[in-house]
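To start, the structure itself, in structure tokens.
Numbering (the numbering used here), first residue to last: 159 to 238.
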């Protein structure tokens, strides 16, 4: 089953909390935290599939890093 990332929608002045939960693809997105009842939203998360970064990665050897902390693909998280 896929793992989805959610973020709390806290009251003003409180930090948001991000968490992951395993759900079926056919399940509706959650609207409230399963333990606290706090309002939440599902957020878009990037993943690594088969060793390839599925977000907006740069080609290997590109002058721009693929991800923060990656220098021209030095971390191995670039797209061939």
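Glycine included, C-beta positions come from ideal geometry on N, C-alpha and C.
The beta carbon of residue 177 sits closer than 7 Å to those of 164, all from its chain and outside the five residues before and after it, given in chain order. The C-alpha of residue 166 is placed about 9 Å away from the C-alpha of residue 173. Boundaries of the beta strand (DSSP E) harbouring residue 199: 198 to 201, taken from the DSSP string.
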